[in-house]
Structure formats: C-alpha cells, structure tokens
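Reminder that position 35 of the sequence shown reads as 15 in my numbering, one-by-one numbering, no gaps.
All residues carry an ideal CB built from backbone N, CA and C; glycine is no exception.
As the structure is a prediction and not an experimental result, all values here were calculated from the model.
Only one structure is covered here, and it is reproduced in the block below.
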Amino acid sequence: ETMCHPANGTPVKLKYFATCHTNNVIYLLKCPCGLAYIATDTTVSTHFNTVNQNQSQLRWAILEVISPQNRGGNPKKRILQREAYWIKKFVTLHPKGLNDSWNVKCFL
C-alpha cells in the first residue's frame, strides 16, 4: 500500500502491519486540514478539538514498527531516533505540520 507525502504529494510505500497491540510503532495522523502529525504514543487532541475535527475524519498510517536490535542497545532511544527521522522526512514540524517539537538529543 502507498500514501501521499503530506508536504509534497509524492507516493510513499507503506510496508508495515500493526494492530492495537503492536508495540514500538511510529504512526502518522493526517488531519482533513492537510496537516500531519507523527508520534509513537502521544495524542494530538488539542488540534482536533480547536479546528472542530473528529476521529472519523482522521487518516492514519503505520510508518514503522521498530524491532529489537540484535546487539541490544537502548530501545527507547532507537524509537525516539526513528520518530525524529520521520518528523524530518515528512516535514511535520509546526507550522507545516502538527508536531510542535523535534528533539535530536536521542542522537547524542
């Protein structure tokens, strides 16, 4: 399955499947206003309440399911790194998107 890049409209191939019980998921929510939000486990209810949107109007996609690394490492750090990567790739920082911050501390 594919979806359109929220900023430039180019097709992006989706290659992950997840259920409500899948852990370590990075997802994209797209508002009918055209703005997008990328997250792992946070909510964006403030935006949708202020622009009078409801859940049925949201479009979502699983961007990535983070697998445990073979050599260990810090899984939380890896998830934050991948979330930062997708925020940058999809240009979802405010005002072009709904993400209000982009933290690169996870790369240090």
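Cβ neighbour criterion (16 or more within 10 Å) applied to residue i
i, result
"Trp40", "exposed"
"Cys0", "exposed"
"Leu9", "buried"
"Cys(-16)", "exposed"
Contact belief for residue i with residue j at Cβ below 8 Å, rounded distance in angstroms
i, j, result
"Thr17", "Thr72", "Contrary to the premise, residue 17 reads as Tyr rather than Thr in this sequence. Tyr17 to Thr72, Cβ: 6 Å. Contact."
"Asn4", "Ile46", "4 Å"
Contacts around residue i, its chain only, beta-carbon distance under 7 Å, and the 5 residues preceding and following it disregarded
i, result
"Asp80", "His74"
"Gly(-11)", "none"
"Ile67", "Ile18, Leu73, Asn79, Trp82"
"Ala64", "Trp82, Asn83, Val84, Cys86"
"Thr2", "Val45"
Proximity to residue i [Cα-Cα], best of the options
i, options, result
"Lys(-7)", "Val84, Gly14, Glu44, Leu15", "Glu44"
"Cys86", "Phe(-3), Lys69, Pro55, Lys76", "Pro55"
"Pro(-14)", "Phe(-3), Gln61, Cys13, Ala(-2)", "Cys13"
"Phe(-3)", "Gln49, Ile42, Ala64", "Ile42"
"Leu88", "Phe70, Lys69, Gln61", "Gln61"
"Ser36", "Thr2, Lys(-5), Cys11, Pro(-9)", "Cys11"
Min CB distance residue i to chain C below 8 Å
i, result
"Leu78", "The chain labelled as chain C is not found in the depicted structure, where only one protein chain is given."
Cβ-based neighbour list, residue i, same chain, cut-off 8 Å, excluding 5 preceding and 5 following
i, result
"Ile59", "Asn4, Ile6, Thr20, Ile46"
"Lys76", "Ala(-13), Leu15"
"Gln49", "Pro55, Arg58"
Contact set for residue i: own chain, Cβ-Cβ below 6 Å, skip 5 residues either direction
i, result
"Leu38", "Leu9"
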